[in-house]
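Step one of this worksheet: look at the structure below.
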Amino acid sequence: MKLLAGLALAVFVVVAGGVAAILSGAFNVAATNPDSSMTTWILHTTMQRSVAVRSSAIVAPESFTEAQVQAGSNEFRAMCAGCHGAPGRMRSAAGKGLRPRAPDLAVVANNWTNANLFWIIKNGIKMTGMPAFGPTHDDQTLWNIVAFVRQLPNMTADQYQRFADEGRAAGNEHEH
Ligand code: HEC
Numbered sequence: 236m237k238l239l240a241g242l243a244l245a246v247f248v249v250v251a252g253g254v255a256a257i258l259s260g261a262f263n264v265a266a267t268n269p270d271s272s273m274t275t276w277i278l279h280t281t282m283q284r285s286v287a288v289r290s291s292a293i294v295a296p297e298s299f300t301e302a303q304v305q306a307g308s309n310e311f312r313a314m315c316a317g318c319h320g321a322p323g324r325m326r327s328a329a330g331k332g333l334r335p336r337a338p339d340l341a342v343v344a345n346n347w348t349n350a351n352l353f354w355i356i357k358n359g360i361k362m363t364g365m366p367a368f369g370p371t372h373d374d375q376t377l378w379n380i381v382a383f384v385r386q387l388p389n390m391t392a393d394q395y396q397r398f399a400d401e402g403r404a405a406g407n408e409h410e411h
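This is how it looks when you write it as structure tokens:
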């Protein structure tokens, strides 16, 4: 009984302490306030493991066509480049102010499989600025975006510009 009472008291102290910490406003939610390396590790590892487990059943297409890459580039310009930046392009003001920052996909795309990328783009990442595009786009469009993101690590600013010029010439400039 004594042990149980002790345990109950310990749980109460921890819960009360947690609630007090929340209500006190001690945690600084400012996006200008950098995360500690420990916080960054916890958040990023949680995200990576969650994506790996949840995308394991997704079967990616064997390959992508040029037309899919071009179609994906049109989506990328309209929906992703502002936050993530693009070859030869800076992030928008909103993208620059995000924390966690939207990483340069030319640098990180190779950390992910095509199925991982599809899952992230479709479902988004909770508690970060990364939106879910599944509710507004069909799977075919999402695979086109994956096809384009896959090319980013090897893409020069000139090549990125050429995709943009081609999309505009074909009348594929669209707002989201
Ligand atoms: C409103 C800003 C915003 C937009 C728009 C956005 N993203 Fe993101 N994205 C983020 C943020 C912030 C993260 C970092 C999440 C994290 O650290 O867990 C992220 C993470 C990612 C990641 C995981 C990268 C990594 O290694 O951590 C991928 C892949 C990604 N986004 C792809 C896209 C694509 C493709 C689009 C367009 C269809 C897009 N994002 C649009 C903000 C955005």
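The sequence shown begins at 236 in the working numbering and counts up by one.
Backbone N, C-alpha and C fix where the C-beta goes; we use that ideal spot for every residue, glycine too.
These figures come from a predicted structure and were not determined experimentally.
When distances are taken from the beta-carbon of A337 to the heavy atoms of the ligand HEC, the shortest one is below 7 Å. Every alpha helix (DSSP H) stretch that sits fully inside the segment 318-368 and reaches 4 residues is listed by chain position as 328-331, 340-343, 349-358. Counting the other Cβ atoms within 10 Å of the Cβ of F311 gives 16 or more, which makes it buried. Residue state for G406 is assigned as coil, using DSSP reduced to three classes.
Rounded to the nearest whole angstrom, the CA to CA distance from T363 to I257 is 20 Å. With contacts defined as CB atoms closer than 8 Å, V286 and F383 fail to qualify as a contacting pair. Of all C-beta pairs linking the segment 325-333 to the segment 245-261, fewer than three are shorter than 8 Å, placing the two stretches out of contact. In the displayed model, G260 falls within coil according to three-state DSSP, outside both helix and strand. DSSP places T267 outside both helix and strand once states are collapsed to three, so it counts as coil.
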